[in-house]
Structures are given as C-alpha cells and as structure tokens.
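Everything on this sheet refers to the single structure shown next.
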Amino acid sequence: MDKEITQEVTIQNRKKGVTIALISVAILVAAIWLVRVIFKSSVKKSDITTAIVKVGNIDNTINATGEVLPEFEEILTSPINASIKNVIMDAGNKVKAGQSILTLDKSAAQNDYDKQKFQLESKQNEIEKLKLDLNKSFFDIKSNNDIKQLHISDLTDAVENAKRLFSAGGGTREGIEQAELNLKVAQLEKKQIENEIKNKQQTMQIEIKEAQLAADVLRSDLKALQHKLDLANIVATRAGVVTYVNKNIGQNIKEGESLARIADLSSFKVQGSISDNAINDVHNGIPVIVLINDTQLKGHVANVSPSIQNSIITFDIQLDERNNGVLRPNMKVDVYLVTATHSHVMMVSNGAAFKGSNLQDIFVLNNGIAQKRTVHIGLTNFDNVEIKDGVKPGDIVITSDMSEFKNSKEVVVE
Numbered sequence: 001m002d003k004e005i006t007q008e009v010t011i012q013n014r015k016k017g018v019t020i021a022l023i024s025v026a027i028l029v030a031a032i033w034l035v036r037v038i039f040k041s042s043v044k045k046s047d048i049t050t051a052i053v054k055v056g057n058i059d060n061t062i063n064a065t066g067e068v069l070p071e072f073e074e075i076l077t078s079p080i081n082a083s084i085k086n087v088i089m090d091a092g093n094k095v096k097a098g099q100s101i102l103t104l105d106k107s108a109a110q111n112d113y114d115k116q117k118f119q120l121e122s123k124q125n126e127i128e129k130l131k132l133d134l135n136k137s138f139f140d141i142k143s144n145n146d147i148k149q150l151h152i153s154d155l156t157d158a159v160e161n162a163k164r165l166f167s168a169g170g171g172t173r174e175g176i177e178q179a180e181l182n183l184k185v186a187q188l189e190k191k192q193i194e195n196e197i198k199n200k201q202q203t204m205q206i207e208i209k210e211a212q213l214a215a216d217v218l219r220s221d222l223k224a225l226q227h228k229l230d231l232a233n234i235v236a237t238r239a240g241v242v243t244y245v246n247k248n249i250g251q252n253i254k255e256g257e258s259l260a261r262i263a264d265l266s267s268f269k270v271q272g273s274i275s276d277n278a279i280n281d282v283h284n285g286i287p288v289i290v291l292i293n294d295t296q297l298k299g300h301v302a303n304v305s306p307s308i309q310n311s312i313i314t315f316d317i318q319l320d321e322r323n324n325g326v327l328r329p330n331m332k333v334d335v336y337l338v339t340a341t342h343s344h345v346m347m348v349s350n351g352a353a354f355k356g357s358n359l360q361d362i363f364v365l366n367n368g369i370a371q372k373r374t375v376h377i378g379l380t381n382f383d384n385v386e387i388k389d390g391v392k393p394g395d396i397v398i399t400s401d402m403s404e405f406k407n408s409k410e411v412v413v414e
C-alpha cells in the first residue's frame with residue numbers, strides 16, 4: 001500500500017532542488033571566471049611600444065633609394081694616348097686650382113708633334129718654292145712678251161717701209177703682203193704669250209692656295225696637339241677634393257680615358273632610384289625627404305632621367321641644405337617622395353602594427369587592458385600613420401606587432 005507523501009516533504013524536496021541548481025550555477029560561473037583568469041591573453045608592457053593619437057598634418061610618401069653625390073664634380077681625362085708616369089695626389093687630398101694631380105709619359109705624342117711640325121715646315125718651304133717659280137715664270141714670259149713687242153714694232157716699221165717703197169716704184173705688192181703677214185704672226189704670238197702669262201698666273205696661284213690650305217690644316221692640327229701636350233700635365237682646374245685617381249703607374253691610357261675626379265665638397269645633391277612602377281608619381285618639383293640616420297633633409301626632384309634601365313628610374317634631388325654636415329660623397333640614403341598631404345587629421349607614430357591595409361585591427365590601451373578596434377587607415381609615411389576613425393585624440397595605441405593576438409578581443413598588459 002502506497003504511503004502518501006506529505007506536503008511538508010514535497011516542499012523540502014523542492015527547496016533542496018533549487019539549492020542544488022543555484023550551487024551548480026555558482027560553480028559554473030566560478031569555473032568560467034577561473035578559466036578566463038588563468039587563460040586570458042596577456043603581454044608584458046616592456047615588450048610593446050605605444051604612441052598617443054594626436055592631430056596634425058601628414059604627408060603620404062613612397063620609398064626610394066639614393067646616393068649622395070657632389071653637386072659639382074669634374075672628371076679629368078687623358079688628352080692623348082700615353083702611359084701614367086707619376087701620381088702626385090691621392091684620393092682624399094685637397095687641391096687648389098692649377099695644382100698637379102699626375103703626370104703622363106707624353107714621348108709618343110711629342111714624336112707625333114715633331115713629325116707634324118716638320119711636315120708643316122716642308123709645306124711652308126713648298127709654298128715659298130711655288131712663289132719663286134711663279135715669279136721666275138712670270139718674269140720669263142713677261143720678258144718674252146716685251147721682246148715680242150719690240151719685234152712687232154720692227155715689223156710695223158717694215159710694213160710702212162714696204163708701202164713707201166711700193167709707192168716710190170721700188171717695191172712690190174708681194175713685199176707689202178709679206179711684211180703685213182709677218183706682223184700679224186708676231187701679233188698672234190704676242191697674244192699667245194699674254195694668254196700664257198694669264199694661265200700661268202692662275203695655275204700657280206691655285207697651287208699656292210692649295211698648299212696654303214694644306215699648311216693651315218697642318219698648323220691647326222699642330223696647335224691642337226700642342227694644346228693636348230700642355231694638358232697632359234694633369235692639373236686641377238678648380239679647388240676641391242680628389243675623389244678618384246688612377247694610380248696604376250705605367251698603365252697605357254687611351255685618349256679620353258678617365259684619370260681623376262675632383263669634387264667640390266661644399267655642396268651635394270642626391271641621385272635617387274625607384275622602380276618604374278612609380279613612373280606616374282615621379283616628376284620635377286615634387287617634395288622629397290632624405291633620411292640620413294636620424295637627420296631629415298628636405299628637397300625636391302630637380303630632374304628625372306628620360307630613360308629606364310633595368311626597370312629602374314633615376315632622378316636628381318636638389319636639397320634645401322646642400323652643405324649639411326651629415327652629407328658625405330657616395331653615402332647611401334633613404335629617400336621618400338611626398339605624393340600627397342592631409343591637414344588636421346588624427347595620426348599616430350608608425351610601427352610594426354600597421355601592415356599597409358586600408359582597413360585593419362589595432363589595440364588601444366586603457367587601464368592595463370588592450371582592446372581591439374577596427375579602424376580605417378589613411379596616408380602613411382615613415383614617421384606617422386593617419387587613422388580616420390575608431391580612435392580619438394589622446395588614445396594610446398600599441399604600435400608594435402600584435403599579430404599573435406589577432407583572435408583576442410582584449411589583451412592584458414602586465
């Protein structure tokens with residue numbers, strides 16, 4: 001026979017169930033809290049870098065490489081085929097204008113000079129001989145012409161005498177005709193001599209002119225060679241510093257080959273290089289920032305090379321401070337081309353946390369807790385990053401790499 005459960009027992013059982021349920025819930029909540037405390041993401045404060053969000057102006061830049069070069073550099077080349085005889089100055093030495101850098105063995109060029117000088121003297125002698133021949137020929141022909149003129153005078157008198165004799169009845173008409181014929185022949189011979197004089201003069205003058213032209217060419221070549229011989233004593237044409245000199249004594253050097261370089265180290269420029277992918281961003285006049293260690297130098301693109309070599313564009317940068325003390329010839333530097341500027345925007349110091357994407361997650365530090373926030377990124381450069389939203393001025397942003405916490409919404413900073 002079933003025993004009826006009393007109402008009091010039922011109430012007790014119900015209270016007991018509620019108590020067990022409450023205890024279970026409390027244990028579950030405590031377990032969850034304990035797991036979160038034990039396994040919560042954390043990072044040491046010494047392992048991160050932070051920056052405060054501020055308001056200011058930011059430039060967008062693209063990276064390039066550069067090399068510092070003297071703004072003015074002279075290349076001294078060999079004016080002749082020769083060999084290096086003596087090196088007087090070494091690279092790094094300061095020189096004054098007119099100071100000797102090195103000397104060349106110019107014996108071969110000197111021999112060429114002596115040969116050309118002899119040829120010029122021979123040509124000048126040939127001209128003098130032609131002039132003498134012309135004068136002698138002209139004198140001989142003119143003398144013949146004068147003699148022929150006297151002969152014509154005699155023949156003219158003979159014609160008159162024949163005519164008078166014929167009129168007096170003592171001569172014949174054939175005598176007159178013969179005298180007239182002799183006169184005409186003499187006159188034609190005289191005219192022939194006159195033509196010969198004219199032709200001889202013209203011919204001799206042409207020959208003299210040709211010889212004079214040949215002499216002028218030799219004289220010009222000789223003058224040019226003399227100038228080259230004078231330049232063979234390699235000297236500085238301006239004050240500066242020797243940046244390179246060929247010290248291989250005895251080495252044969254061809255005309256036009258580089259022997260030394262002298263630079264004016266009082267002012268510098270930068271030659272930049274960048275991939276041709278940026279061809280639309282590089283043009284004359286755009287601002288440039290040159291970074292040398294911790295020093296920033298400003299300038300602008302002065303000239304862009306029209307040719308592309310190995311997919312690389314080169315350009316010259318004119319610096320605002322061309323004589324800054326940190327500049328050294330052939331120094332490699334980082335170059336940043338400024339392509340855009342935004343004013344009065346929120347920005348924070350650049351760091352490894354920013355990966356270049358327009359939309360990305362960052363961590364903002366607040367009371368020891370780094371909270372993940374999704375933000376839009378604007379302009380970037382080597383110093384700062386523009387943040388368009390998700391933060392406010394004064395927020396502390398973790399700028400070091402936080403990619404290992406990409407799945408965490410919060411990170412404890414210890």
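When we follow my numbering, the leftmost residue of the sequence shown carries the number 1, and every step to the right adds one. Glycine included, C-beta positions come from ideal geometry on N, C-alpha and C.
In the three-state reduction of the DSSP assignment, residue 132 falls in the helix class. Of the candidates 240, 327 and 196, the residue whose Cα lies closest to the Cα of residue 99 is 240. Per DSSP, reduced to three states, the secondary structure at residue 270 is strand. Every beta strand (DSSP E) of 3 residues or more that sits fully in the segment 321-351 is shown, in chain order, as 332-349.
Remark: C-beta atoms of residue 350 and residue 380 approach each other more closely than 8 Å. In this structure, residue 335 keeps its C-beta atom at 8 Å or more from the C-beta atom of residue 77. Counting other Cβ atoms within 10 Å of its Cβ, residue 228 reaches 16 or more and is therefore classed as buried. Beta bridge pairing from DSSP links residue 60 with 340. By the C-beta criterion, the segment 110-123 is judged not to be in contact with the segment 285-298, since fewer than 3 inter-stretch pairs fall below 8 Å. Scanning 24, 69, 373 and 275 for the CA closest to the CA of residue 407 turns up 373.
Distance from residue 265 to residue 68 at the Cβ level is roughly 10 Å; contact not present, criterion being Cβ atoms closer than 8 Å.
For residue 216, the three-state secondary structure derived from DSSP is helix.
Look at residue 73 here: in three-state DSSP terms it is strand.
Non-local beta-carbon contacts of residue 361 in its own chain, meaning distances under 6 Å to residues more than five positions away in sequence, involve 372 and 374 in chain order.
CA-to-CA, the gap between residue 338 and residue 62 works out to about 7 Å.
At the C-beta level, residue 51 and residue 253 stay beyond 8 Å of one another. Fewer than three Cβ pairs drawn from the segment 261-279 and the segment 124-133 lie within less than 8 Å of each other, which leaves the two stretches out of contact. DSSP places residue 143 in the helix class (H, G or I) of the three-state scheme.
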